[in-house]
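S.K.: The sequence shown runs 1 to 526 under the working numbering.
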Amino acid sequence: MSRDRRLLACVRRGPYRGRQLGTPEGVRDARPVHPALPSHRPHRPAPAADLARLQHRFGAGAVNGVTPAGPENVIPFPSLLEPPPRPVLLPRREDRVTYVVRVDLDDVEPPIWRELRLASDLTLARLHEILQVTMGWTDSHLHHVTMGAAAPGTVQPFVTPYDEEEGAEGIPEADVRLDQVLASVGDALSYEYDFGDNWQHTVRLESVEPRAAEDPQAVCVAGARACPPEDVGGIGGYGEMLEALAGADPGNEWLADLLAWLPDGYDPAEFSVDRVNAALAKGVVPDLNQWHPALADLLYRAGGSGLSPVGELIKEATRGPVELTAEQVTAAVHPYAHLLRTVGDGLKLTAAGYLPPRIVAALVIELGLDRLWMRKGNREDSTFPVLALRESATSLGLLRKSRGTLLVTKVGQQLVDDPRELLRHIASRLPLGRPAERDAGLLALLITAAGLDEYRAGDQLAPLLEYLGWSVAQGDMRYAAIAAAGPTMHVLDSLTGWMGGDRALKADVAKGVLSVAVVPGSRSTR
Numbered sequence: 001m002s003r004d005r006r007l008l009a010c011v012r013r014g015p016y017r018g019r020q021l022g023t024p025e026g027v028r029d030a031r032p033v034h035p036a037l038p039s040h041r042p043h044r045p046a047p048a049a050d051l052a053r054l055q056h057r058f059g060a061g062a063v064n065g066v067t068p069a070g071p072e073n074v075i076p077f078p079s080l081l082e083p084p085p086r087p088v089l090l091p092r093r094e095d096r097v098t099y100v101v102r103v104d105l106d107d108v109e110p111p112i113w114r115e116l117r118l119a120s121d122l123t124l125a126r127l128h129e130i131l132q133v134t135m136g137w138t139d140s141h142l143h144h145v146t147m148g149a150a151a152p153g154t155v156q157p158f159v160t161p162y163d164e165e166e167g168a169e170g171i172p173e174a175d176v177r178l179d180q181v182l183a184s185v186g187d188a189l190s191y192e193y194d195f196g197d198n199w200q201h202t203v204r205l206e207s208v209e210p211r212a213a214e215d216p217q218a219v220c221v222a223g224a225r226a227c228p229p230e231d232v233g234g235i236g237g238y239g240e241m242l243e244a245l246a247g248a249d250p251g252n253e254w255l256a257d258l259l260a261w262l263p264d265g266y267d268p269a270e271f272s273v274d275r276v277n278a279a280l281a282k283g284v285v286p287d288l289n290q291w292h293p294a295l296a297d298l299l300y301r302a303g304g305s306g307l308s309p310v311g312e313l314i315k316e317a318t319r320g321p322v323e324l325t326a327e328q329v330t331a332a333v334h335p336y337a338h339l340l341r342t343v344g345d346g347l348k349l350t351a352a353g354y355l356p357p358r359i360v361a362a363l364v365i366e367l368g369l370d371r372l373w374m375r376k377g378n379r380e381d382s383t384f385p386v387l388a389l390r391e392s393a394t395s396l397g398l399l400r401k402s403r404g405t406l407l408v409t410k411v412g413q414q415l416v417d418d419p420r421e422l423l424r425h426i427a428s429r430l431p432l433g434r435p436a437e438r439d440a441g442l443l444a445l446l447i448t449a450a451g452l453d454e455y456r457a458g459d460q461l462a463p464l465l466e467y468l469g470w471s472v473a474q475g476d477m478r479y480a481a482i483a484a485a486g487p488t489m490h491v492l493d494s495l496t497g498w499m500g501g502d503r504a505l506k507a508d509v510a511k512g513v514l515s516v517a518v519v520p521g522s523r524s525t526r
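(1) What separation, rounded to the nearest whole angstrom, lies between the Cα atoms of Thr394 and Leu307?
(2) When you compare the segment 82-98 with the segment 162-171, are there three or more beta-carbon pairs, one atom per stretch, that lie closer than 8 angstroms?
(3) Starting from Lys315 and walking both ways along the alpha helix (DSSP H), at which residues does that stretch end?
(4) According to the Cβ coordinates, are Val285 and Gly303 closer than 8 angstroms?
(5) Let me confirm a value: Thr488 is counted as buried when at least 16 other C-beta atoms fall within 10 Å, else exposed. Which label applies?
(6) What number of angstroms, rounded off, separates the C-alpha of Leu406 from the C-alpha of Leu423?
(7) When DSSP labels each residue in this structure, what does Thr123 get in the three-state scheme?
(8) Could you tell me whether the Cβ of Gly136 comes closer than 8 angstroms to any Cβ of chain B?
(9) Spell out a yes or no on whether the segment 434-454 and the segment 474-486 are touching, meaning 3 or more CB-CB pairs, one atom from each, closer than 8 angstroms.
(10) So, Leu116 versus Cys220, is the Cβ gap smaller than 8 angstroms?
(11) Using 10 angstroms around the beta-carbon of Val185, count the other beta-carbons present and answer buried if the total reaches 16, otherwise exposed.
(12) Look at the alpha carbon of Ala481 and the alpha carbon of Pro263, and state the distance between them as a whole number of angstroms.
(13) Do you know how far the Cα of Ala279 is from the Cα of Tyr300?
(14) Please confirm if the segment 116-132 is in contact with the segment 178-193, defined as three or more CB-CB distances below 8 angstroms between the two stretches.
(15) In this structure, how does DSSP classify Val145 when only helix, strand and coil are distinguished?
(16) Secondary structure at Gln156, three-state DSSP: helix, strand or coil?
(17) For Gln200, which three-state DSSP category applies?
(18) What are the start and end residues of the beta strand (DSSP E) that includes Gly368?
(19) Can the beta-carbon of Glu230 be found closer than 8 angstroms to that of Thr146?
(20) Just to confirm, are Gly512 and Val322 a CB contact at a threshold of 8 angstroms?
(21) Taking a contact to mean a Cβ-Cβ separation below 8 angstroms, would you say Gly412 touches Leu430 in this structure?
(22) Buried or exposed: which applies to Ala507, given that a residue is buried once 16 or more other Cβ atoms fall within 10 Å of its Cβ?
(23) Note down, in chain order, each residue of its chain lying with its Cβ closer than 7 angstroms to the Cβ of His490, except the 5 sequence neighbours on either side.
(24) Pick helix, strand or coil for Arg92, following the three-state DSSP scheme.
(25) Unbroken alpha helix (DSSP H) runs of length 4 or more, entirely within the segment 191-247: which are they?
(26) Is Arg114 helix, strand or coil when you go by DSSP?
(27) The alpha helix (DSSP H) with Lys410 in it runs from where to where?
(28) Just to confirm my understanding: we take Val203, look at its own chain, exclude 5 residues before and 5 after, and list those with CB closer than 7 angstroms. What are they?
(29) Between which two residues does the alpha helix (DSSP H) carrying Val333 extend?
(30) Pop quiz: Ala226 and Glu270 are said to be a contact at Cβ under 8 angstroms. What is the actual Cβ separation, rounded to whole angstroms?
(31) Is the Cβ-Cβ distance between Val108 and Ile314 less than 8 angstroms?
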């Protein structure tokens with residue numbers, strides 16, 4: 001077992017409690033569990049006030065477990081055998097306008113609300129992310145968007161990615177625009193979040209205004225009060241929390257436990273438009289179909305939320321233009337192209353399986369390593385940048401070994417004189433290694449693309465890997481994380497220069513690698 005793999009002898013845990021690596025059994029397709037989020041509030045039986053509300057709404061007999069006979073006492077739940085009808089979408093607007101909407105958290109006193117200015121062509125999937133940010137939720141539970149303000153179950157909600165995964169049929173929220181569900185002043189839609197606590201929101205269109213091209217997709221202009229804490233227990237639990245904060249029955253041990261459970265500094269009356277808009281300015285996760293395919297999988301395994309640590313990193317790394325000039329691309333792939341040309345029709349390796357000393361010495365000079373590498377630089381096993389270049393070229397499918405001879409693969413032969421296609425191929429093979437190494441390598445690319453301090457890579461990588469569910473059997477997770485990212489980051493170092501190099505160039509090339517696997521040439525994000 002290599003040192004890198006020994007350091008990161010990881011088991012899966014955390015957000016996805018799935019199979020443990022190295023064990024024959026485990027849970028497949030586990031749902032996310034976020035240990036960083038608050039645990040459920042202290043539990044007690046429903047108080048009398050809650051029971052009274054249920055009896056008033058559904059009838060005492062139903063709540064007590066006995067429903068008297070007779071049609072007048074039948075609870076009007078939708079049929080479980082026949083699904084509710086699909087919503088009928090409105091035609092899309094020909095012009096792009098601004099919708100001024102008011103968002104209310106239903107049945108909560110004092111009122112919790114927001115006033116937003118939204119682009120009319122937002123998808124409902126983007127609206128979900130915007131509502132999470134503006135209300136103050138953490139996107140740690142499921143949700144549904146429903147056309148109109150009708151009672152739940154009377155109209156089929158739009159289908160979320162989770163619904164699609166579970167085989168549900170319907171209209172995907174990602175395919176529906178805001179102007180297809182809201183058109184006239186007074187139109188409304190329902191947004192349900194956390195099917196356990198059952199937070200119902202009403203989003204109502206208050207006005208339609210002209211829109212300038214430079215206007216942001218979403219801006220909060222007003223609002224009141226903080227949203228309830230996650231997992232507080234719905235409206236009833238929130239009411240008890242407010243009573244506890246107001247000092248009701250200070251000797252009540254259960255209420256004291258509830259107060260101790262609240263997030264530090266939680267103030268139900270607090271709300272800041274500036275803070276909300278600062279969060280909105282960070283944007284939402286871009287269309288990941290336009291980026292490296294591994295990013296969508298990474299975000300999914302992190303729980304799917306753009307508000308997760310992984311989601312925030314992806315947003316930061318993909319923000320702004322991707323601009324790699326032809327000269328930058330040629331310079332980036334030069335080490336690999338030069339190595340392929342050096343190998344040519346075949347290169348005999350030493351008895352120990354290394355490049356011959358004369359080849360190593362020539363590569364050190366050609367790649368400018370003589371200015372950085374303090375050793376003699378004629379033995380591959382003691383000249384790590386050359387060793388990493390050759391080994392990564394093999395992992396990338398550009399070189400192969402046969403009977404002690406190093407050969408260029410057919411792919412390498414085809415791409416050696418096409419810098420951009422060579423970079424596309426390299427990007428398409430990243431990240432390298434086993435699952436733990438691939439996760440670490442992809443996260444390291446994102447950290448670099450975001451322009452974060454590479455010298456703190458271990459501090460940044462370790463908590464992200466732990467969030468994804470990785471741990472080390474022994475030792476320091478920070479060092480294990482750096483070692484695990486090595487196979488991928490050695491490629492980036494070969495593309496941009498060893499021993500630190502130009503951080504801005506590393507960020508540009510890392511961002512290019514994350515995008516060039518999908519779209520050739522330079523382009524800008526939305």
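From the three backbone atoms N, C-alpha and C, an ideal C-beta is built for every residue, glycine too.
M.R.: In short, the structure shows the following:
(1) To locate residue 394, count along the sequence shown from 1; it is residue 394. To locate residue 307, count along the sequence shown from 1; it is residue 307. Roughly 37 angstroms separates the two Cα atoms.
(2) yes
(3) Reading the sequence shown from its first residue, position 315 is the one you call residue 315. Pro309 to Ala317 is the span of the alpha helix (DSSP H), which, as asked, contains Lys315.
(4) Walking along the sequence shown from the start, residue 285 turns up at place 285. Walking along the sequence shown from the start, residue 303 turns up at place 303. For Val285 and Gly303, no; Cβs fall outside 8 angstroms.
(5) Translated into positions along the sequence shown, residue 488 becomes position 488. Under this definition Thr488 is a buried residue.
(6) Translated into positions along the sequence shown, residue 406 becomes position 406. Translated into positions along the sequence shown, residue 423 becomes position 423. Straight-line Cα distance between these residues: approximately 21 angstroms.
(7) Along the sequence shown, one-based indexing puts residue 123 at 123. Strand.
(8) The structure shown has no chain B; it contains just one protein chain.
(9) yes
(10) For the purposes of this step, residue 116 is taken as the residue at position 116 of the sequence shown. For the purposes of this step, residue 220 is taken as the residue at position 220 of the sequence shown. Going by C-beta atoms, Leu116 is nearer than 8 angstroms to Cys220.
(11) One-based indexing of the sequence shown puts residue 185 at position 185. Looking at its Cβ environment, which holds fewer than 16 other Cβ atoms inside 10 Å, Val185 is exposed.
(12) In the sequence shown, the residue the question calls residue 481 occupies position 481. In the sequence shown, the residue the question calls residue 263 occupies position 263. Roughly 30 angstroms separates the two Cα atoms.
(13) Mapped onto the sequence shown, residue 300 falls at position 300. Mapped onto the sequence shown, residue 279 falls at position 279. Tyr300 and Ala279: Cα-Cα distance of roughly 21 angstroms.
(14) Result yes; three or more Cβ-Cβ pairs closer than 8 angstroms.
(15) As a working note, residue 145 is residue 145 in the sequence shown. It is a strand residue.
(16) In the sequence shown, residue 156 corresponds to position 156, counting from 1. Coil.
(17) Working through the sequence shown from its first residue, we reach residue 200 at position 200. Correct three-state label for Gln200: strand.
(18) One-based indexing of the sequence shown puts residue 368 at position 368. No beta strand (DSSP E) contains Gly368, which DSSP labels as neither H nor E.
(19) Locating residue 230 in the sequence shown gives position 230, where the first residue counts as 1. Locating residue 146 in the sequence shown gives position 146, where the first residue counts as 1. No, the pair does not count as a contact, with Cβ atoms beyond the cut-off.
(20) For this step, residue 512 is matched to residue 512 along the sequence shown. For this step, residue 322 is matched to residue 322 along the sequence shown. It is a contact, given that the beta carbons lie within the stated cut-off.
(21) For this step, residue 412 is matched to residue 412 along the sequence shown. For this step, residue 430 is matched to residue 430 along the sequence shown. No, these two residues do not count as a Cβ contact at 8 angstroms.
(22) Along the sequence shown, one-based indexing puts residue 507 at 507. Classification of Ala507: buried, given that the 10 Å Cβ count is 16 or more.
(23) In the sequence shown, the residue the question calls residue 490 occupies position 490. Ala388 and Ser392.
(24) The sequence position of residue 92 within the sequence shown is 92, counting from 1. It is coil, neither helix nor strand.
(25) Whole alpha helix (DSSP H) segments, 4+ residues: 234-245.
(26) Along the sequence shown, read from residue 1 onward, the residue named residue 114 stands at position 114. In the structure shown, Arg114 sits in a strand (DSSP, three-state: E or B).
(27) Indexing the sequence shown from 1 puts residue 410 at position 410. Here the alpha helix (DSSP H) through Lys410 covers Lys410 to Leu415.
(28) As a first step, residue 203 must be located in the sequence shown, where it is residue number 203. Cβ within range, chain order: Val101, Val103, Ala188, Leu189 and Tyr191.
(29) Start at 1 with the first residue of the sequence shown, and residue 333 comes out as number 333. First-last of the alpha helix (DSSP H) with Val333: Ala326 to Val343.
(30) The residue labelled residue 226 in the question sits at position 226 within the sequence shown. The residue labelled residue 270 in the question sits at position 270 within the sequence shown. With a contact defined as Cβ atoms closer than 8 angstroms, Ala226 and Glu270 qualify at about 5 angstroms.
(31) For the purposes of this step, residue 108 is taken as the residue at position 108 of the sequence shown. For the purposes of this step, residue 314 is taken as the residue at position 314 of the sequence shown. No, these two residues do not count as a Cβ contact at 8 angstroms.
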